[in-house]
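The structure under discussion appears below in the form of structure tokens.
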Amino acid sequence: MPELPEVETVCRQLDPELTGRTIESLEVLDARWCRPTPPRRLERAVAGATIAGLHRRGKYLLLGLDGERTLVMHLRMTGNLVLVEGESKLDPSEGQRLYEGERSTSERHLRARFALDDGRELWFTDPRRFGEAFLIDDAKLDERFAGLGVEPFSGDFTAAALAQMAAGRTAPLKSFLLDQRHVAGVGNIYADEALFRARLHPLSPAGSMKPEHAEALRDAVVAALKAGIDRGGASIDDYRDGRGGMGTMQDEFLVHTREGEECPECGGPISRIVVSGRSTYYCPTCQVRLRRRPRRKRS
Ligand SMILES: [Zn+2]
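When you line the sequence shown up against my numbering, it's residues 45 to 343, in that order.
Next up, the structure:
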């Protein structure tokens, strides 16, 4: 499932390509993609729009359009947003483009297709069909994202802010990190990687962190996400970047998906448990399980 580093990679690749381009037409091939808005209505609203830029909030992609509107997209489990050459210009010999076989696979899972004024097309492909899109006035964006947590690369994401969010919570740290209302953009991969970097056991109650733990976790979240961005994201399932290429973060995981392999720190075997229904990987030796802090007596 694409997380912050994967979505950020797509944004960084496609923003310079898309900014200033005009969408000649949008073709929605799957009504579920934009429900409850009828596909024809969205197609009419977007046709002829000039693209102001492509940005990210949490795991959301924000395609800014003229008229102070934004097409918000979420990749969910298996969605991809890929810029492809128009049929006549396709040259599979160029490495960064979709290979021919991959293109036909993508075509089968095509949910929406934007035709741009330079002859290229922007494809939203999604085998599992959980990805979604909606058009919103820019003035309503803040309200729409009011429940979304802090951006990990913003100045608001401090150790003190993290400690405050976690205070009094008995949920395991892994579940706490997956909850988008706290830290936006962290998912199953980078939660595991961050907890390993912070040396914190995924089942530690979130509210059990002392200030030094919150500081370590804050730094670890940022470092884990940055590592993912530096490697163009992780392509463990269906994820492809904005050019149809694969990220390499999956080759660099410290613990995620590495059950039974050697811990990079102590050499012991990495364990796998299930937390919040998600496979969770950690080192039982290096990662400390914090005890719940006793409640303060009221005076
Ligand atoms: Zn270890």
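Heads up, the beta-carbon is just placed ideally off N, CA and C, and yes, glycines get one too. No experiment lies behind these values; they were computed from the predicted model shown.
For C310, the shortest separation between its Cβ and any heavy atom of ligand 1 lies below 8 Å. The DSSP-derived three-state label of H118 is strand. At least one heavy atom of ligand 1 lies less than 8 Å from the C-beta of T329. CA-to-CA, the gap between Y283 and A250 works out to about 30 Å.
L166 places its beta carbon less than 9 Å from that of L160. Note that the C-beta distance between R120 and D170 is below 9 Å. Shown here, E112 sits in coil according to DSSP, grouped into three states, outside any helix or strand. Using a Cβ distance threshold of 9 Å, L86 and V51 do not count as a contacting pair.
For R262, the secondary structure class from DSSP, reduced to helix, strand or coil, is helix. Per DSSP, the continuous beta strand (DSSP E) segment holding V126 begins and ends at N124 to V128.
Our two residues, A177 and W77, have alpha carbons roughly 6 Å apart in a direct line.
For I233, the enclosing alpha helix (DSSP H) begins and ends at N232 to R241. Pairing I180 with R113, the inter-Cα distance amounts to about 6 Å. The alpha-carbon separation between G289 and E303 amounts to approximately 27 Å.
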